[in-house]
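Inspection log for the structure reproduced underneath, given as structure tokens.
4 protein chains.
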Amino acid sequence: MIDKTFLEEVELSGHILDSLLLPKVLDVIMARGGYYHIKSMKIGEKSTDPSVARLELWAESQEKLDDLLDAIHDHGAIPVHHGDCVTAVADVEGAFPEGFYCSTNFKTEVRVGGHWIEVQGQEMDVGIVIDPKKNTARCVPMGDVKLGELVVIGRNGVRVFPEEAQRKGELFEFMSSAVSSEKPKGATVREIAAAIKRTKAAGEKILAVLGPAVVHTGGGEWIVWLIKNGYLDVLFAGNALATHDLEQNVYGTSLGVSLDRGLPAEEGHEHHLRTINSIRRLGGIAKAVESGKISGGIMYQCIHSKVPYILAGSIRDDGPLPDVITDVVAAQKAMRALVPGVGFCLMVATTLHSVAVGNLLPAWVKVACVDINPATVTKLMDRGTVQTIGIVSDVEPFLRALVGELKGS
Amino acid sequence: MIDKTFLEEVELSGHILDSLLLPKVLDVIMARGGYYHIKSMKIGEKSTDPSVARLELWAESQEKLDDLLDAIHDHGAIPVHHGDCVTAVADVEGAFPEGFYCSTNFKTEVRVGGHWIEVQGQEMDVGIVIDPKKNTARCVPMGDVKLGELVVIGRNGVRVFPEEAQRKGELFEFMSSAVSSEKPKGATVREIAAAIKRTKAAGEKILAVLGPAVVHTGGGEWIVWLIKNGYLDVLFAGNALATHDLEQNVYGTSLGVSLDRGLPAEEGHEHHLRTINSIRRLGGIAKAVESGKISGGIMYQCIHSKVPYILAGSIRDDGPLPDVITDVVAAQKAMRALVPGVGFCLMVATTLHSVAVGNLLPAWVKVACVDINPATVTKLMDRGTVQTIGIVSDVEPFLRALVGELKGS
Amino acid sequence: MIDKTFLEEVELSGHILDSLLLPKVLDVIMARGGYYHIKSMKIGEKSTDPSVARLELWAESQEKLDDLLDAIHDHGAIPVHHGDCVTAVADVEGAFPEGFYCSTNFKTEVRVGGHWIEVQGQEMDVGIVIDPKKNTARCVPMGDVKLGELVVIGRNGVRVFPEEAQRKGELFEFMSSAVSSEKPKGATVREIAAAIKRTKAAGEKILAVLGPAVVHTGGGEWIVWLIKNGYLDVLFAGNALATHDLEQNVYGTSLGVSLDRGLPAEEGHEHHLRTINSIRRLGGIAKAVESGKISGGIMYQCIHSKVPYILAGSIRDDGPLPDVITDVVAAQKAMRALVPGVGFCLMVATTLHSVAVGNLLPAWVKVACVDINPATVTKLMDRGTVQTIGIVSDVEPFLRALVGELKGS
Amino acid sequence: MIDKTFLEEVELSGHILDSLLLPKVLDVIMARGGYYHIKSMKIGEKSTDPSVARLELWAESQEKLDDLLDAIHDHGAIPVHHGDCVTAVADVEGAFPEGFYCSTNFKTEVRVGGHWIEVQGQEMDVGIVIDPKKNTARCVPMGDVKLGELVVIGRNGVRVFPEEAQRKGELFEFMSSAVSSEKPKGATVREIAAAIKRTKAAGEKILAVLGPAVVHTGGGEWIVWLIKNGYLDVLFAGNALATHDLEQNVYGTSLGVSLDRGLPAEEGHEHHLRTINSIRRLGGIAKAVESGKISGGIMYQCIHSKVPYILAGSIRDDGPLPDVITDVVAAQKAMRALVPGVGFCLMVATTLHSVAVGNLLPAWVKVACVDINPATVTKLMDRGTVQTIGIVSDVEPFLRALVGELKGS
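Protein chains in written order, with this note's numbering: chain V, 1 to 409; chain L, 1001 to 1409; chain C, 2001 to 2409; chain Y, 3001 to 3409.
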């Protein structure tokens, strides 16, 4: 006889079959040793219709049942009978109360006063703070919590909408095994170019996250073209990208290697240090541009075209440039402020910054991650940035082809 | 007829043949279109004798000649007739005067008042500041330069001793193509274990630089053993290593994956956030240990065994833990302060921190870099950390075997 | 109005929800621009019950509809109204008639005379030949087709059972993102050891496919242990594995590198050539063992323990050894003959042989593929060997741990 | 007191300093525990003059001394007093006598009747057979030895000239750390293009060794251009390259992926099987071209432009195509026959064939190896194909840029 002492009824709705949500939920339940009974299922007859499934779910103990409910919650399964979300008052500055609800990067709603309200500033791995006066909810990073704020606790009265992220087809038409170097490159480039144009047409911002290999491989000029032609609205990078870009403008080398001749210049390894030093003496990149010391390149073009950039510090930085935000928490905050309005993100040749930015983006911002090393893309996707298309390719030729595609059409 | 208008006579001494210094210098001269004539060469007859070579070196212009002299200077070739080193007064806080001498990680001497004095705190890619009163010289990072300090300009009166770094055989007996996964692992592990013991016996410190895969793969317990048994004196890491180590202690998982069962725990991705939050609530790792919240693992053992650690912030950090130094320049400074006395450095599974620390170490500190990805080691060696032995292997099994070797002998 | 001129009704049954079959079929239909209507769906209420779905499927042309039917056929969707399978007479020796049915590695049945019969020797990417007298069907590689044989044409009267392969949980309990180096290794090793023991207990054969890095890294002794203890019943490898194993026995080196000291032996690169030459002079491995020239190692143990081995030739072979089958088609045939009865396959450090053997195995033979390079596993899984668990790890330490696990329990 | 009982005098000549030969020899002697005394050294004063060094070399036993002499022999150091080379009669068909001299890929001479004669068909890892009547010597693979032939034994009377291979600068101007993805790609492509043109201008053949990713990534058209324009004289590949090239011509897909759309075609995985089957039915590629079935692509162009190709079989081949040489020893022989006259070899996206062909080429044939995976190039160079320039890049964009460069100039 079946013992249903510890039971809950949950519901899933949307494209739960073809977006794999229902199968995933059933899989999770079975894998964890739970039991289910599908009470009802209204399947969308046509491919465009949504479906609704209602499940009875039980386990051997309340603890196990709670585990199951937590596990399936991120896949969009919510209890049929729910009340409002529960909150606790923040009792320590810069930390959540224990038991805080931990956010995903999917669209999320919380139930306050019997009404579902959408959470603002959606971002994964942070908490949700409720403003009961304004009747609003927003994502808040751990370190930003203020004493006395109301933090959502547990999953009750919280629902997530993972579905859209599963349907990449809307922006990217190809998707299967994303990470392979043995794919036709022409088609991939066309697809990215089309996504960039769609984003621009939709009035959304295009964000680029760039590593220094963009400059080392000779791809700087293509980024300049993207900026000049309005295909790049925000730039996130580190000290290295900016330094090698400036070095190339001053010395014609990148990390001491001549882009024209491919040969290491003598004293080459010093060029980037001398470049940083000169910029420090002048007081920053903008002033170096103003003074005429810097007359071209990515950073020059950013300043010229008023494209905002965030240079985030890293423990291995030389110098760094005066523009670098050396405090990483401050740098995160600066990046976070520029995320709203971004519709497309192009990440090239940087694992560190790609993962960092991937953590900040809501799931509906499409991401194309280009790296010659398959591990970078895999890492990004493993960490939950599921909306990513990975392209294993060489940086400069990829950017050259992308610009060719944007020009050509 | 040969035009020797732009001529300089330089000298190399030491094991210039078998450490490849002379051939490298000749190669550089030819590759740059310079000319040379070997005026005299006293070759060490026995394998242990040093050699001395004196070269006439000329080029088509003074500029080209200067380039050549700069290029061969880092390989230990110095003009026969030299005066004192030249200095300039620092006129901008946190920046060198233009033309500053850019350091290597080799032992370096500067000539002051007719005498050669050794530079203190040797480190690559920084400048040299002279204290004329104390008659001392020391390496100074760009950002630490104070107004009015005397900074060495150009290469005159500066000599480097690259030789030792070329002779890895003293610490590591094998060396050929360092980066390969297809090497016998038993022999490699024995070699590293022997180097660690030699370092300890010499009274020098052993530094470990660790990435989070140490914990993910289940290698944490071996690091604990190393600390307990006095084989690890300083730890450099980031927020991730510490967090996953603490997470494992609290939840038995690492990034939500159970080390015992290999299965992702439900809510697993939340464990590291909850761990960070709890530690923030308690005020730091030491207090969490004190309170009994943390009862084992790497960080626990560091505190218990009074092993100093630096946790350097990164742009992708969650939280971070209160112990993390979020300003990267401050973190570099903190690491720099712990480098003196280090004789051996074990870098495991972290590209970012390995490169950062590699930049801080003088060339005579031996480094073993273990990573499953060959690119990490290659990157480290490309950036000038030549004293590195790269081991392409899996983290946990490598550490397990290393501990076995240290125990066994 | 919906035009259902080009319509077919198809059925799926089994664990079509939690094994993702139904969602995949719906996804394929939509991605190809087809339309569907779910006529009925009987969902297994409990997690162990199978489900049945019946779909109406239509497209804009018969050609498009046929494309859709082909596409979903490999996922187990078959027309509700089917007749017998269609055959054509082979009119060219060593080639199929045009339009031949191309097999998967899933269990397959063909309808002959109104009855479904199971195809023998299931293997992907070959054809199916019917013997109408014996009422049997078997997989036949292209080159083995004889004039006059009856070859199945098209997908009518053919049905595949992809479900089981989707449910790896039966043999392997973990499964998620298989290819990562950042997984706890202890748990993985335990899982593989358990699978090996289950296979042995079930009376099935264990097949090992080994590359030369097994010997280079010092892992040969662990393979010897596996053979001695009955954990390895068949060995597939190439000239290199056998040569370096024999070289190690004769010279104590592998590709000239001493396993004890890790140092390249002088003349080391000659050792493998001299080894091959000696074995050629003696007439083969068995005779070399008999003569006492070879007294240990993997090949010795195979002969001693009567474990059959196939050494398949490759274009880069030196020698090769007399035991190597230099004709690759003959080698495939020899391997194929040893596949029946295999229940578990351990592939270590060889892309070429792993892919080759992966192509020969039916989907119900579980595969563990161990390689330090993630690309090898990815390649294997991309080619359809879905039953593979990939372990990114270092060869010798992995094998050492596996043996430790098998011993310990 | 020094005991010089076991002593030999050896000589090195050529660019022994800047090609690093002398330092290497000294390094080998010391590493092996030998002793040396440099008796005389005539150093080329100008950079273009050769040098001569004479060394006394001794060890603690005759066996150790012989080891040392063997070790330094491959670096061009030969005893001052030498007699003729020693031979033994081949007493087993297809095997050398024990103690056979094992060749390098450097230019080699043997002393016969007091005269040095050059060895023909230079190739590494084979033996040398003397024809005393014709006074000639030639490289002979193990399996090709005939009963009664005179095979060179030991290193006496054999000298090698490793120098040239060390000086890549003649063909490639850049050389340092060859294997990095972070290099400017424009300069690299220009360099390869220039090398191809120099080879053509010198009347030497250009050999291409291609893997299937050339077609998968969409690079087939660029290879066609190279053939059409006389930049490709010989093609070595496998069943996969040819099949996917033919598949693309027949179906517009490569391994079932549409090159135009990047999407996997339905039944895509069957396309290559159907293609092979069709070609088998027609009797081979040439007949398929004749019949009009194949109207474009790499193989079509080879037949049209009378570019000879060798398709070597591999254990993982489907089919294979009738043109494939399924016996690997026969395939090696066929490739060997086409090597004479080759001056440049372009290897793209194939580890297996690159290593195989690398083994066949003498050291003076320059090689450019292009692969997105750094491990392939590393493997090639580790195995002794030192004349290789490795380019870590993406296949299609690299070929596109190469063609652009060849067109443009």
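Ideal Cβ placement from N, Cα and C applies to all residues, glycine included.
These numbers were taken from a predicted model, which means no experiment stands behind them.
Residue i and residue j closer than 8 Å at C-beta
{"i": "R3357 of chain Y", "j": "F3236 of chain Y", "result": "According to the sequence displayed, residue 3357 of chain Y carries Val and not Arg. It is a contact, given that the beta carbons lie within the stated cut-off."}
{"i": "G3113 of chain Y", "j": "D3084 of chain Y", "result": "yes"}
{"i": "E958 of chain L", "j": "K2185 of chain C", "result": "There is simply no residue 958 of chain L to check, as chain L begins at 1001 and stops at 1409 in what is shown."}
{"i": "V1158 of chain L", "j": "T1087 of chain L", "result": "no"}
{"i": "Q1301 of chain L", "j": "K1228 of chain L", "result": "yes"}
{"i": "L1017 of chain L", "j": "S1051 of chain L", "result": "yes"}
{"i": "R3280 of chain Y", "j": "A2095 of chain C", "result": "yes"}
{"i": "R1316 of chain L", "j": "V377 of chain V", "result": "no"}
{"i": "L1402 of chain L", "j": "I1192 of chain L", "result": "yes"}
{"i": "E2405 of chain C", "j": "V2189 of chain C", "result": "yes"}
{"i": "D2074 of chain C", "j": "T2104 of chain C", "result": "yes"}
Cβ separation of residue i and residue j, assumed to be a contact under 8 Å, to the nearest whole Å
{"i": "Q1248 of chain L", "j": "V1215 of chain L", "result": "6 Å"}
{"i": "A2312 of chain C", "j": "I2325 of chain C", "result": "6 Å"}
{"i": "I3276 of chain Y", "j": "M2124 of chain C", "result": "With 8 Å as the limit, I3276 of chain Y and M2124 of chain C do not qualify as a contact, their Cβ atoms being about 14 Å apart."}
{"i": "K3004 of chain Y", "j": "G3034 of chain Y", "result": "With 8 Å as the limit, K3004 of chain Y and G3034 of chain Y do not qualify as a contact, their Cβ atoms being about 12 Å apart."}
{"i": "L2307 of chain C", "j": "L2241 of chain C", "result": "Here residue 2307 of chain C is Val; the residue named in the question, Leu, does not match the sequence. Wrong, their Cβ atoms sit about 14 Å apart, outside the cutoff."}
{"i": "D318 of chain V", "j": "L259 of chain V", "result": "Contact flag wrong, Cβ pair sits at about 20 Å."}
Buried/exposed call for residue i, threshold 16 Cβ in 10 Å
{"i": "G3220 of chain Y", "result": "buried"}
{"i": "A201 of chain V", "result": "exposed"}
{"i": "K3379 of chain Y", "result": "buried"}
{"i": "V80 of chain V", "result": "exposed"}
{"i": "W2222 of chain C", "result": "buried"}
{"i": "L2210 of chain C", "result": "buried"}
{"i": "K366 of chain V", "result": "buried"}
{"i": "G14 of chain V", "result": "buried"}
{"i": "P3362 of chain Y", "result": "buried"}
Rounded straight-line distance, which links the Cα of residue j to that of residue i
{"i": "W2058 of chain C", "j": "S2040 of chain C", "result": "16 Å"}
{"i": "H269 of chain V", "j": "V1140 of chain L", "result": "17 Å"}
{"i": "L252 of chain V", "j": "G283 of chain V", "result": "One point to set straight first is that residue 252 of chain V is Gly, not Leu, in the sequence displayed. Roughly 22 Å separates the two Cα atoms."}
{"i": "T388 of chain V", "j": "A368 of chain V", "result": "6 Å"}
{"i": "L150 of chain V", "j": "V3392 of chain Y", "result": "53 Å"}
{"i": "E2109 of chain C", "j": "G2076 of chain C", "result": "11 Å"}
{"i": "L1012 of chain L", "j": "P3374 of chain Y", "result": "36 Å"}
{"i": "K2147 of chain C", "j": "K183 of chain V", "result": "Contrary to the premise, residue 2147 of chain C reads as Leu rather than Lys in this sequence. Whole-angstrom Cα-Cα distance: 38 Å."}
{"i": "E3008 of chain Y", "j": "K3134 of chain Y", "result": "32 Å"}
{"i": "N1359 of chain L", "j": "A1194 of chain L", "result": "25 Å"}
{"i": "T2132 of chain C", "j": "T2243 of chain C", "result": "With the sequence shown as reference, residue 2132 of chain C is identified as Pro, and Thr is not the correct amino acid for it. Answer to the nearest angstrom: the Cα atoms are 47 Å apart."}
{"i": "G2238 of chain C", "j": "L2321 of chain C", "result": "10 Å"}
For the region 1213 to 1251 of chain L, list the beta strand (DSSP E) runs that are entirely contained and at least 3 residues long, ordered along the chain.
Runs of the beta strand (DSSP E) lying entirely within the region 1213 to 1251 of chain L, each at least 3 residues long, are 1234 to 1238 in chain order.
In chain order, each beta strand (DSSP E) run of at least 3 residues that lies wholly inside the region 83 to 128 of chain V:
For the beta strand (DSSP E) assignment, the uninterrupted runs of no fewer than 3 residues enclosed by the region 83 to 128 of chain V are, from N- to C-terminal side, 86 to 89, 107 to 112 and 115 to 120.
Pick out the complete beta strand (DSSP E) segments inside the region 2262 to 2340 of chain C, 3 residues or longer, and give them in chain order.
The region 2262 to 2340 of chain C contains, as complete beta strand (DSSP E) runs of 3+ residues, the segments 2309 to 2312 (chain order).
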